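Residue numbers (this note's numbering): 172 to 309.
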């Protein structure tokens, strides 16, 4: 059985890798375009999968990363409400990434497509983290 925590971390990692990989392919705009949107599609599909699993089973999960003593630990929790918002964010990012592969071709050579992919991934990552973080600094 697949652990929901590992799917959550996989989605976060795919968003992070998609954003950083775009900067490595700054010169090859077609490669940056395809790679960033492919990784966004994968992250969106993973997010749709585990958020639907949480919504349908009703079993939330919590993930805790121990921090330093002064700041405390960082906790993420995905319950039914946050799973709903993760589903919405993931589904819309999946759909928009499919559309954006062709759409951003018109900007190649005129704008920095890799920078667009960088900001797009970190925007999706921040939306997922906002709805799933339980405590940040206390």
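No residue lacks a Cβ here, since even glycine has one placed at the ideal position from N, Cα and C.
Just so you know, these numbers come straight off a predicted model, no measurement behind them.
Taking DSSP's pairing of strands, which residues face residue 204 in a bridge? According to DSSP, which records beta bridges pairwise, residue 204 is partnered with nothing at all.
Given a cut-off of 9 Å on the beta-carbon distance, is the pair residue 218 and residue 188 in contact? no
When DSSP labels each residue in this structure, what does residue 172 get in the three-state scheme? Model confidence at residue 172 stands at a pLDDT of 44, short of 50, so the residue's coordinates are unreliable; what they give is reported in the following sentence. Residue state, collapsed to three classes: coil.
Please report the Cβ distance between residue 175 and residue 225, rounded to the nearest whole angstrom; I am assuming they are in contact, meaning their Cβ atoms lie under 8 Å. 6 Å
Mind checking whether residue 254 and residue 233 have CB atoms under 9 Å apart? no
Could you check the C-alpha separation between residue 244 and residue 267 for me, to the nearest Å? 34 Å
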